[in-house]
Amino acid sequence: MAFTVKVKDGPVFSSDVPIAGKHVLSESRPDGADNVVAWRVNNYLRPLDWVIEDSAEVEFVDTSSFEGMEVYRRSLSFMFVLACRKALGRDVVLRHSISEGDYWEDPEGPLTAENRDAILAAMADLASRDLPFVRRVVSLDKARKIFERQGSDEVAGLFKWAGVDPVELYRCTDMYGYYYAPLAPSTGYLKLYDLRTLGPGLVLRFPTINCPSGLPLFRASKNLSSVFLEYARWLEVLGLRTMDSLHKKVADGKGLEVILISEAFHARNLGHIAQEISSRPDVKVVAIAGPSGSGKTTLSERLKIQLQVCGKRPVTLAMDNYFVDREHTPRDEEGNYDFEVLEALELELLEDHLKRLLAGEEVRIPQFDFIEGRKSPGRSLRLLPGDILIMEGIHGLNDRITGAIPKAERFGIFVSPLTGVYLDNHNRTSTTDNRLLRRLVRDARTRGHSAESTLTIWPKVIKGAMKYVFPYQKRADVMFNTSLPYELSALRAYVDPILHTVPEGSPVYGDAQRLMTMMKFIPMIPSEDIPNNSIIREFIGGSCFDV
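Offset between the sequence shown (1-based) and our numbering: plus 87.
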């Protein structure tokens, strides 16, 4: 029976036999066809070997999009692991992301420049051979046996807990991988990459949505590297490196222990930061910046308490209260509100208030209503001699706002969920997804936003952060990782019903399904035991702070 395939912004095909994405792509030849790595079928992200047998609307996904770039990154990771096995004769372990790349280590010892060169040569060989990433759908039981034979015990163990059946695996040469989402068709698609030595490991570098046709500038931060190293060592001590190990903790009744130790780790690090600030007598302003969903508001309130313990008098100021009224919000090239640009803030008012506060004057701080989209008069604020102003917002480290404050009088903190518990040795939980899940829960609870609207604007939020927020992290004196090992477990009960509200015909329906699939691999921890001053309370509710 004949069916039709309608390509977005392209032709309509009629077929009476099953048809795969690569065939539709070759027939339609859209702009940028050489960079297409996957396609959407009725809003589901699918690999290009996906075959359709019924009428469908399809859209090709290339590396100019966030989704396409993630397909590229996952595929490149698989090729890198294959190359390591070929060049080193053993496996490597993904540790975290850094400077728009992924940092990998060899559990058996440091990776040298000679190792890097051998791995690069193996990667070039694999890419030149254009080896297919063969997709196989197998039963859960068979998948577990495959990974047990391969020595990937943490993947086999995770399947036991998740209960996803059947399982979609990928094979290249003699190795299997599970990547939780589609891969590119073959190694020949992976032309842009590089390896850099960093400490005992290697950074696998790849294009980004802001640099899709090349490799972004490598900017390895010592502050960032030390945060990653400390967190990784801490997770190893707790025995919580992969999601399989977290499942075991929860199954053994140790969920509360994980919560309490995680919160104590945050408290300890905040105490160290407060002591560092207190040791600098000239500091008048603490500027906290970070991308959306980082937990800046809770962090500022908890830092306020820690500074009081150190004998200081801190006062908090949220930059979100300085948003322009909704009708004056700048719009992007598509005509949508752009809340990420600096001009979304009433800069003149903020600059005036900051100047007057530092001069000891009293000012009336606005209060922004996110549902109504407008400001109203808020509390009065004055800094007394010796007081410290804690100012938080995504642009907190931007030169336009804090650049005029003498360096000795300001202290910068960059906050973000930088790394967390890994799904397995080759797959991390995306910090971008962490922030998105936080935003989904908070936006639905406090800002009147549907899951569909939050998912729709999220790619713009990411691009905005890459352009307006992350470049200023170099101005930070310290970095704070707001990730909590248990946070996805705490978010799961809130996220699932929210994601189920996305209608099947929505362009972001596939995104919602991807997140729901990922969350199936996360153990659930009830929120009752989470302290009311936890950063995660900023998103799920029940915080003791006005967030």
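Idealized CB from N, CA, C, for every residue including glycine.
- Note: Asp149 is bridge-paired with Val123 in the DSSP secondary-structure output.
- Residue environment: Asp564 is assigned as buried (16 or more neighbouring CB atoms within 10 Å of its CB, all protein chains considered).
- Take the alpha-carbon of Asn122 and the one of Arg116: they are about 11 angstroms apart.
- Pro378 and Ser387 have their alpha carbons spaced roughly 15 angstroms apart.
- Around Ala431, the same chain offers Phe410, Val411, Thr416, Pro417 and Asp425 as residues with beta carbons nearer than 7 angstroms, after the five sequence neighbours per side are excluded.
- For Leu523, there is no enclosing beta strand (DSSP E); the residue is found in the alpha helix (DSSP H) stretching over Thr518 to Thr533.
- Rounded to whole angstroms, the separation of the alpha carbons of Glu414 and Ile346 is 42 angstroms.
- Annotated three-state conformation of Pro558 is helix, per DSSP.
- Checking the DSSP bridge columns, you'll see Leu586 has no partner listed.
- Per DSSP, Asp281 is one residue of the beta strand (DSSP E) stretching across Asp281 to Leu285.
- When the alpha-carbon of Pro134 is set against those of Leu270, Pro287, Pro610 and His359, the nearest one is in Leu270.
- Between Arg222 and Tyr266, the C-beta spacing is not below 8 angstroms.
- In the DSSP annotation of this structure, the continuous segment of the alpha helix (DSSP H) that includes Trp248 starts and ends at Asp240 to Ala249.
- Secondary structure at Leu316: helix, using DSSP grouped into helix, strand and coil.
- Spanning the alpha carbons of Gly250 and Met603 requires a straight line of approximately 14 angstroms.
- Look at the beta carbons and you see the stretch 235–250 not touching the stretch 204–214: under three pairs across the two are nearer than 8 angstroms.
- One alpha carbon belongs to Ala376, the other to Met262, and they sit about 42 angstroms apart.
- With 16 or more other CB atoms across the displayed protein chains lying within 10 angstroms of its CB, Gln560 is buried.
- Here Pro546 carries a helix assignment [DSSP, helix/strand/coil].
- A check of alpha carbon separations from Pro299 across Arg160, Leu523 and Glu591 identifies Arg160 as the nearest.
- The three-state reading of DSSP puts His536 in coil, since its state is none of H, G, I, E or B.
- Here the stretch 318–331 does not lie against the stretch 577–584, with fewer than 3 beta-carbon pairs under 8 angstroms apart.
- Taken in chain order, the stretch 325–353 contains no complete beta strand (DSSP E) segment of 3 residues or longer.
- In this structure, Ala200 is the residue among Phe455, Gln362, Glu144 and Ala200 with its C-alpha nearest to the C-alpha of Thr284.
- Residue range Leu434 to Leu445 is occupied by the alpha helix (DSSP H) that includes Leu444.
- In the structure shown, Val158 falls within a helical segment according to DSSP collapsed to helix, strand and coil.
- Burial is judged here by how many other beta carbons sit within 10 angstroms of a residue's own beta carbon; Gly480 has at least 16 and is buried.
- Val508 places its beta carbon 8 angstroms or farther from that of Thr519.
- The Cβ atoms of Val148 and Trp137 do not sit closer than 8 angstroms to each other.
- The shortest CA-to-CA distance from Lys442 to any of Arg487, Phe455 and Gly465 is the one to Arg487.
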